[in-house]
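Below is one structure, written out as structure tokens, with a few remarks after it.
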Amino acid sequence: MSSISRRSFALGAGALLVAASVQAQTPASAYPSGNTPIRLVVPYAAGGSSDFVARLLVRKMGVNMKHAFVVDNRPGGNTIIAAEHVSKSKPDGYTFYLIGELTHASLSALNAKLPFDPVKDFTGITNLVESPLVISVPPQFPAANLKEFVDYAKAHPGEVNFGSAGLGNTLHLAGENFSRQTGVQLNHVQYKGASQAILDLLAGRIQVMFDLPQTPMPHIQSGKLKALAVTSAHRLPMLPDVPTTTEAGFPNYRFVTRIGVAAPAGTPKPIIDKLYAEVTKVVNDPEFRTAVEGQAMFPAPSASPAAYQKRLQDSMVTVGELLRGANVQPQ
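Under our numbering, think of the first position of the sequence shown as 13, with each following residue one higher.
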């Protein structure tokens with residue numbers, strides 16, 4: 013090959029590399045573009061608190077980004093149906109996932125085989141909100157406060173039942189964690205949903221629930237249930253007379269559930285960074301804060317996508333240990 017042809021080859025190869033680099037960068041730099049809507053996949057049915065957060069988020073992101081957003085509800089399979097769909101979606105920024113941290117973290121501990129990897133197949137973007145739980149009992153239960161409840165449970169081992177919406181559900185994990193922290197023996201009774209469990213709590217067929225505030229609050233306010241404590245660092249504005257677990261004498265027991273967003277693994281970092289910036293802009297918006305606080309949820313964005321990814325990984329370890337300690341075996 014002559015010196016001229018070598019030089020021509022080098023120039024041509026260089027031009028191809030530049031073109032390839034520009035082509036690789038174009039989707040991220042131009043994102044979002046065109047008429048393809050950005051889908052937020054929600055693993056729960058429409059109408060619940062998670063769906064409320066999702067719809068509030070995409071409505072404001074659509075306005076800010078001047079692009080179409082849609083909520084894609086895919087309930088079922090303890091979130092596995094939606095998670096599998098997202099894990100196999102094209103990592104182009106046009107599909108992302110509303111992720112319940114604790115439920116997602118329990119998947120490996122509950123399932124011997126999954127059609128996706130709960131860590132490797134997702135890229136965390138940020139947490140959105142966190143919500144404490146309320147510990148409530150029927151009014152006839154012989155305990156006026158949390159300390160008396162623990163004393164009663166210790167004096168009657170195995171006689172106190174707590175209800176949840178299923179294995180690995182937030183309510184289940186909260187109850188198991190309470191047992192571990194306080195040394196009481198509680199029996200877990202699982203239902204198909206929190207609304208069914210609360211009916212048995214009202215009837216006295218189970219003795220306690222660790223639940224998101226929205227479900228028991230009307231019954232607490234009407235006197236049909238007795239709230240012993242909230243599991244947050246501060247009292248809830250809607251339940252100002254209910255002490256925190258720290259105020260009730262159990263500073264080591266704090267429990268919050270978190271909702272965040274993630275994308276399929278392989279989504280380009282510039283797109284992840286763009287989504288992080290736009291999502292946190294909404295989460296920090298006063299209108300968003302007011303709306304979610306009315307549902308007993310509180311904005312809690314992550315410091316970065318990497319920080320959120322680490323939180324998801326850490327939660328998987330913690331939840332796995334908690335479920336194994338409760339003798340829950342993967343099926």
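Every residue, glycine too, gets a C-beta built ideally from N, C-alpha and C.
Owing to the predicted nature of the structure, the values given are computational and were not obtained by experimental measurement.
Query	Result
3-residue-minimum beta strand (DSSP E) runs that sit fully inside the stretch 147 to 199, ordered along the chain	172 to 176
Residues of its chain near V220, where Cβ-Cβ distance is below 6 angstroms and the 5 sequence neighbours each way are ignored	V149 and F174
Boundaries (first-last residue) of the beta strand (DSSP E) holding A275	V268 to P276
Limits of the unbroken beta strand (DSSP E) element including P255	Segment: none, P255 is in no beta strand (DSSP E) and carries neither H nor E.
DSSP-derived helix/strand/coil call for G337	helix
Meets three-Cβ-pair contact criterion under 8 angstroms: the stretch 86 to 95 and the stretch 248 to 256	no
Chain-order list of residues whose beta-carbon lies under 6 angstroms from that of S176 (same chain, five-residue window excluded)	L183, H184 and Q202
Residue interval of the beta strand (DSSP E) (run including P144)	F134 to P144
Extent of the continuous alpha helix (DSSP H) run through A94	I92 to S99
I50 - DSSP class collapsed to helix/strand/coil	strand
Extent of the continuous beta strand (DSSP E) to which D63 belongs	Unbroken run through D63 is the alpha helix (DSSP H), S61 to M77; no beta strand (DSSP E).
Test item: CB-CB of V12 and V141 under 9 angstroms	Lying before the first or after the last residue shown, residue 12 is absent from the chain, which here runs from 13 to 343.
Beta-carbon gap between A95 and I50 smaller than 9 angstroms	no
Contact set for L324: own chain, Cβ-Cβ below 6 angstroms, skip 5 residues either direction	G136
Distance between A303 and A165 (C-alpha atoms, nearest Å)	38 angstroms
C-alpha gap between S316 and Y288, whole angstroms	8 angstroms
Reduced DSSP category for V291 - H, G, I as helix; E, B as strand; rest coil	helix
Counted within 10 angstroms of its Cβ, other Cβ atoms place S45 as buried (16 or more) or exposed	exposed
C-beta contact flag for G272 and I111 at 9 angstroms	yes
Where P311 sits in the DSSP three-state scheme	strand
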